[in-house]
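In our numbering, the protein residues as written are 141 to 243. Heads up, the beta-carbon is just placed ideally off N, CA and C, and yes, glycines get one too. These numbers were taken from a predicted model, which means no experiment stands behind them. First up is the structure itself, then whatever we jot down about it.
So this is what it looks like as structure tokens:
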């Protein structure tokens, strides 16, 4: 399945001006940053739980589950799975660095 935004049909997107399309990209970029911030907040909360329970920062089983889920979601939305997994590897690594620094 490819990405399908029910608010705008492909024809409506085609009819948009270049400026309108760029504005749409800007809105999506803002939403992506907001989601990254939310994910980081939750990851920081997880780090606190791990610290209180004296658990290791790295959980390879969980990391693999995240990567598998990322690949599945990429396929679901017809996006390059390798690209999506690379982004998630970066997000995971950034969270791990923050978790180590906060300990």
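Residue i to residue j span [Cα, whole Å]
| i | j | result |
| --- | --- | --- |
| residue 232 | residue 218 | 22 Å |
| residue 200 | residue 230 | 15 Å |
| residue 151 | residue 221 | 27 Å |
| residue 169 | residue 190 | 31 Å |
| residue 158 | residue 148 | 16 Å |
| residue 177 | residue 184 | 10 Å |
Bounding residues of the alpha helix (DSSP H) (the contiguous stretch that carries residue i)
| i | result |
| --- | --- |
| residue 216 | 200 to 216 |
| residue 149 | Element bounds for residue 149: n/a, residue is neither H nor E. |
| residue 159 | 158 to 192 |
Helix, strand or coil at residue i according to DSSP, with G and I counted as helix
| i | result |
| --- | --- |
| residue 197 | coil |
| residue 239 | helix |
| residue 219 | coil |
Residue from the options whose Cα sits closest to the Cα of residue i
| i | options | result |
| --- | --- | --- |
| residue 208 | 193, 227, 192 and 195 | 227 |
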